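Colleague: Residue numbers (my numbering): -16 to 64.
Below is the structure I would like to discuss, written out as structure tokens.
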């Protein structure tokens, strides 16, 4: 497995994304975060955490989505004999 970002680099990237989001959407109107299981939830959690640290009054609407049952790359071939 290849590591793309260290833990600190992930935190720094999340903070940068949070700053950009806050500057583009200062009122949080029409902004919803959805973290897709599994890895997307980790990234979304870090971004939401950074937003809450920077702007505690910012209303972060956040949810998680598990798409496991909808993935076509993990289905197994069924033998019908």
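From the three backbone atoms N, C-alpha and C, an ideal C-beta is built for every residue, glycine too.
Bear in mind that the values here come from a model prediction, so they are computed numbers and not experimental data.
Hey, out of 25, 37, 19, 29, whose CA is closest to residue 51's CA?
Modeller: 19
Colleague: What is the DSSP secondary structure of residue -13, reduced to helix, strand or coil?
Modeller: coil
Colleague: On the premise that residue 45 lies in contact with residue 27, defined as a C-beta separation below 8 Å, what is that separation, rounded to the nearest angstrom?
Modeller: Yes, they are in contact, since the Cβ atoms of residue 27 and residue 45 sit about 7 Å apart, within 8 Å.
Colleague: In the segment 20 to 58, which residue ranges form an unbroken beta strand (DSSP E) of at least 3 residues, counting only runs that do not cross its ends?
Modeller: With a minimum length of 3 residues, the continuous beta strand (DSSP E) runs that stay inside the segment 20 to 58 are 44 to 48.
Colleague: Residue 31 and residue 43: beta carbons closer than 8 Å?
Modeller: yes
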